[in-house]
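Q: Position one of the sequence shown corresponds to residue 1 (the UniProt record's numbering), numbered consecutively onward.
For glycine and all other residues, C-beta sits at the position ideal for the given N, C-alpha and C.
Encoded as structure tokens, here's the structure I'll be asking about.
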Amino acid sequence: MDMDDIFDSSLNLEDTHLKEGFDEGYKDGLVAGREEAKQVGLKSGFEAGEELGFYRGCVDVWKSAIGTDAATFSSRVQKGIKQMEELIEKYPLMKPESESLHEVMEGLRLKFRAVCATMGVKLEYNGYPKSSLKANEVEF
């Protein structure tokens, strides 16, 4: 028996174990990665839905007030509320991979701030979990 043959089997054994360990780790990583991606997706989807629901609720309340008394808000505010409603309808709810998703949400945030500023109210969407309130702020 040749001395090289003895060492070859030892070297091959190490390579074999290294490859097996890598393959096993790779498979485990795929499973763990999918689960982590699912959890991140659920969290992101929940947060987006919660924010969208907040804006929808504001629009519904404001529209109800306008329906009761059309003079409740100026025509400028009413136009802003209508634009917010259009942005909410435009949000690609069933297409989370849509490129317009972030654009629509950013437009909605800007329009919300503009409407609130025009009305002279300080409303903020703080998300979940709720952060501590500052003086004179209303949180929903």
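Is E99 helix, strand or coil by DSSP?
A: Here E99 sits in coil by DSSP.
Q: Ignore the nearest five residues each way along the sequence and tell me which others in R76's own chain have a CB closer than 8 Å to its CB.
A: Same-chain partners within the cutoff: T118.
Q: Can you tell me whether Q13 is helix, strand or coil according to DSSP?
A: Rather than Gln, the amino acid found at residue 13 in this sequence is Leu. Helix.
Q: Just verifying my parser: in three-state terms, what is the DSSP assignment at L52?
A: The answer is helix: DSSP assigns L52 an H, G or I state.
Q: What residue range does the alpha helix (DSSP H) around V77 cover?
A: Start and end: S75 to K90.
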